[in-house]
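Novice: One structure, pasted below without further comment.
Quick look at the structure:
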């Protein structure tokens with residue numbers, strides 16, 4: 009929860025609600041980008057961000073994203089994040 | 004040597020470890036009279052154990068594992084209140100997975116789910132919002148848990164629900180803040196700390212100014228740190244150098260993510276939605292003034308405590324802890340996890356009794372998870388080069 013996970017913003021899904029799509033190690037997730045938006049939300053496409061519980065909380069460099077992902081994998085936290093994302097998808101879909 | 008080879012840059016790590024040893028010797032730190040450094044964040048605790056940092060550094064450095072794991076400091080009474088809400092037939096109770104196994108006085112959320120309550124693990128409050136949209140006949144409650152890192156996510160979700168007029172979405176707010184428990188620990192006459200490694204991602208949100216009281220009022224150094232092992236080692240070195248040079252300052256080792264003023268958009272959302280509670284209960288630490296947040300009246304429609312009449316304000320509260328549990332002593336640095344008579348017997352990660360055994364960020368779970376691996380490495384550590 010507190011370590012977050014890096015991802016790259018690949019498209020803006022809904023500019024009105026600051027919802028973007030991020031690529032997180034090949035997995036596409038909807039993320040809220042309010043905290044990193046600054047000016048035009050469309051400028052975020054291509055940027056790397058640190059994502060906490062579905063919210064992009066900081067802009068980071070690609071190299072930092074790569075190092076952070078390596079640390080998360082080493083700590084076993086990357087898998088925990090992916091498992092949590094899947095659990096969330098199932099919960100929303102009503103799959104027990 | 005086993006652990007240091009796992010570092011991305013073992014040579015750099017060795018250099019920092021050597022520098023730590025040099026400064027530790029300079030200030031006279033020994034195993035019997037160690038420099039005690041508290042890492043506040045549970046993520047840092049996990050990383051210290053994963054990489055065996057406490058064994059790699061000079062023996063005169065002692066890590067004290069701080070109260071920075073939100074699941075670990077969650078009191079049983081709040082778990083009971085979650086279950087009280089979750090067991091209502093109209094409720095879909097959503098929570099991060101970490102909180103599922105935290106024991107209440109009667110049962111955990113996992114046990115409540117097994118008994119028929121509609122408890123669902125989610126990744127994000129955005130999942131809870133989506134559930135509320137898809138289930139207009141149900142009440143969707145999100146278990147708002149965490150320090151300043153996750154507080155903006157629930158604040159923004161409440162504001163989104165407000166904009167959409169979602170009348171069936173509420174947050175059970177258990178958000179807590181880092182500075183008040185640090186102050187409480189520093190005011191504790193039993194506590195002897197020489198410095199702090201500050202939390203990285205909390206500081207990403209709040210900046211570094213909220214820690215100014217630590218050097219100014221208590222004369223202790225604090226260095227905000229990243230999560231890579233080299234970040235932590237460098238931060239320890241920065242704390243030691245402050246001590247050696249007679250300085251006490253707030254320093255930022257994690258400047259690539261943390262700014263002095265934090266994240267303005269996050270802070271604006273948090274201040275709009277939340278206000279400090281007069282006090283909040285921490286497991287093992289008791290009630291601490293202004294350490295928790297509650298939802299402002301403006302957003303009361305999204306406050307599960309208001310909607311369901313539970314929690315603070317609903318009546319007198321009794322602070323309950325499992326009998327014989329030593330989490331409070333461990334959390335304040337007065338006992339190592341292995342000093343607790345329940346550790347590894349009644350209390351294991353599979354059947355946690357105390358909160359510190361529940362989350363991978365808890366000191367007891369970390370001791371348990373890496374204990375065997377560390378014992379195997381002890382002989383190698385005797386000859387580190």
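Protein chains in written order, with this note's numbering: chain P, 9 to 104; chain L, 4 to 388. Even for Gly, the Cβ is constructed at its ideal location relative to N, Cα and C. For clarity, every value in this text was computed on a predicted model and none was experimentally measured.
(1) Run the CB neighbour count on residue 237 of chain L, radius 10 Å, all protein chains shown included, and call it buried at 16 or more, exposed below.
(2) Name the residues in the segment 49-81 of chain P whose C-beta lies less than 8 Å from a C-beta of chain L; which are they?
(3) Quick check on the DSSP output: what are the complete alpha helix (DSSP H) runs of length 4 or more inside the segment 287-346 of chain L, in order along the chain?
(4) Output the distance between the C-alpha atoms of residue 371 of chain L and residue 330 of chain L, rounded to the nearest integer angstrom.
(5) Let me see if you follow: with CB-CB separation under 7 Å, is residue 144 of chain L close to chain P or not?
(6) Does any residue of chain L bring its CB to less than 7 Å from the CB of residue 32 of chain P?
(7) Closest to residue 296 of chain L by CA distance: which of L/361, L/203 and L/158 is it?
(8) Less than 7 Å between CB atoms is the rule here; does residue 173 of chain L satisfy it with respect to chain A?
(9) Would residue 364 of chain L be called buried (16 or more neighbouring beta carbons within 10 Å of its own) or exposed?
(10) Return no unless some Cβ of chain P is closer than 7 Å to the Cβ of residue 210 of chain L.
(11) How about residue 57 of chain L: is its C-beta nearer than 7 Å to some C-beta of chain P?
(12) Helix, strand or coil, according to DSSP, for residue 258 of chain L in the structure here?
(13) So what does DSSP say about residue 40 of chain P, is it helix, strand or coil?
(14) Could you tell me which of L/246, L/226 and L/104 sits nearest to residue 26 of chain L, measuring between CA atoms?
(15) Where does residue 388 of chain L land, buried or exposed, given buried means 16+ other C-beta within 10 angstroms?
(16) Beta-carbon within less than 8 Å of residue 127 of chain L's beta-carbon, same chain only, minus the 5 sequence neighbours each way: which residues are those?
(17) At which residue ranges does the segment 49-73 of chain L contain complete alpha helix (DSSP H) runs of 4 or more residues, listed in the order of the chain?
(18) Quick one: is residue 50 of chain P buried, meaning 16 or more other Cβ sit within 10 Å of its Cβ, or exposed?
(19) Could you give the DSSP three-state label for residue 65 of chain P: helix, strand or coil?
(20) How about residue 238 of chain L: is its C-beta nearer than 7 Å to some C-beta of chain P?
(21) At the 7 Å Cβ level, is residue 370 of chain L part of the contact set with chain P, yes or no?
(22) Should the segment 259-273 of chain L be regarded as contacting the segment 6-17 of chain L, the criterion being three or more beta carbon pairs within less than 8 Å?
(23) Pairs of beta-carbons, one from the segment 63-75 of chain L and one from the segment 36-48 of chain L, closer than 8 Å: are there three or more?
(24) Residue 267 of chain L: buried (16+ other C-beta within 10 angstroms of its C-beta) or exposed?
(25) Would you mind giving the Cβ-Cβ distance between residue 82 of chain L and residue 99 of chain P, rounded to the nearest angstrom? I have them listed as a contact below 8 Å.
(26) How close, in whole Å, do the beta carbons of residue 213 of chain L and residue 56 of chain L come, if the pair is a contact with beta carbons under 8 Å?
(27) Please determine if the segment 75-93 of chain P and the segment 11-18 of chain P are in contact, where contact requires at least 3 C-beta pairs separated by less than 8 Å.
(28) Pull up the distance between the alpha-carbon of residue 386 of chain L and that of residue 50 of chain L, whole angstroms please.
(29) Which one of L/176, L/96 and L/139 has the shortest CA to CA distance from residue 120 of chain L?
(30) Assign residue 200 of chain L to one of two classes, buried (16 or more other C-beta atoms within 10 Å of its C-beta) or exposed (fewer than that).
(31) Any beta-carbon of chain P closer than 7 Å to the one on residue 268 of chain L?
(32) Taking the alpha-carbon positions, what's the residue 186 of chain L to residue 107 of chain L distance?
(33) Could you run through the segment 214-246 of chain L and flag, in chain order, every residue whose CB is less than 7 Å away from some CB of chain P?
(34) How big is the Cα-Cα spacing for residue 56 of chain P and residue 166 of chain L?
Specialist: Reading from the atomic positions:
(1) The residue in question, residue 237 of chain L, is buried, as its Cβ has 16 or more Cβ neighbours within 10 Å.
(2) Cβ contacts with chain L come from 58, 60, 61, 62, 63, 65, 66, 68, 69, 72, 75, 76, 78 and 79.
(3) Counting only runs that start and end inside the segment 287-346 of chain L, the alpha helix (DSSP H) elements of at least 4 residues fall at 307-311 and 330-334.
(4) When rounded, the distance between both Cα atoms is 14 Å.
(5) Interface annotation, residue 144 of chain L: not in contact with chain P, CB-CB separation never under 7 Å.
(6) Residue 32 of chain P is outside the set of residues whose beta carbon lies under 7 Å from a beta carbon in chain L.
(7) Minimum Cα distance to residue 296 of chain L is reached at L/158.
(8) The displayed structure is made up of protein chains P and L, and chain A is not among them.
(9) The residue in question, residue 364 of chain L, is buried, as its Cβ has 16 or more Cβ neighbours within 10 Å.
(10) Under the 7 Å criterion on CB atoms, residue 210 of chain L is classed as non-interfacial with respect to chain P.
(11) Nearest CB-CB separation between residue 57 of chain L and chain P: not below the 7 Å threshold.
(12) In the structure shown, residue 258 of chain L sits in coil (DSSP, three-state: anything other than H, G, I, E or B).
(13) Strand, per DSSP.
(14) Nearest of L/246, L/226 and L/104 to residue 26 of chain L, Cα basis: L/246.
(15) In this prediction, residue 388 of chain L scores a pLDDT of 33, lower than 50, which makes its location untrustworthy; the coordinate-derived value is nonetheless stated afterwards. Flag for residue 388 of chain L reads exposed.
(16) 156, listed in sequence order.
(17) Within the segment 49-73 of chain L, the complete alpha helix (DSSP H) runs of at least 4 residues are 56-59.
(18) So residue 50 of chain P counts as exposed.
(19) Here residue 65 of chain P carries a strand assignment [DSSP, helix/strand/coil].
(20) Answer no: the Cβ-Cβ gap between residue 238 of chain L and chain P never drops below 7 Å.
(21) Cβ-Cβ to chain P under 7 Å: no for residue 370 of chain L.
(22) Short answer: they don't touch.
(23) Yes, the segment 63-75 of chain L is in contact with the segment 36-48 of chain L.
(24) With fewer than 16 other Cβ atoms within 10 Å, it is exposed.
(25) With 8 Å as the limit, residue 82 of chain L and residue 99 of chain P do not qualify as a contact, their Cβ atoms being about 19 Å apart.
(26) At roughly 26 Å, the Cβ-Cβ gap does not stay under 8 Å, so residue 213 of chain L and residue 56 of chain L are not in contact.
(27) Yes: the two stretches touch, three or more of their Cβ pairs being nearer than 8 Å.
(28) Low confidence applies to residue 386 of chain L: its pLDDT is 36, below 50, so where it sits in the model is not reliable enough to give any reading.
(29) Of L/176, L/96 and L/139, the residue nearest in Cα terms is L/96.
(30) So residue 200 of chain L ends up on the buried side.
(31) Yes, residue 268 of chain L counts as interfacial toward chain P.
(32) Rounded to the nearest angstrom, the two C-alpha atoms are 27 Å apart.
(33) From the segment 214-246 of chain L, only 230 and 231 have a Cβ closer than 7 Å to chain P.
(34) One C-alpha to the other measures close to 28 Å.
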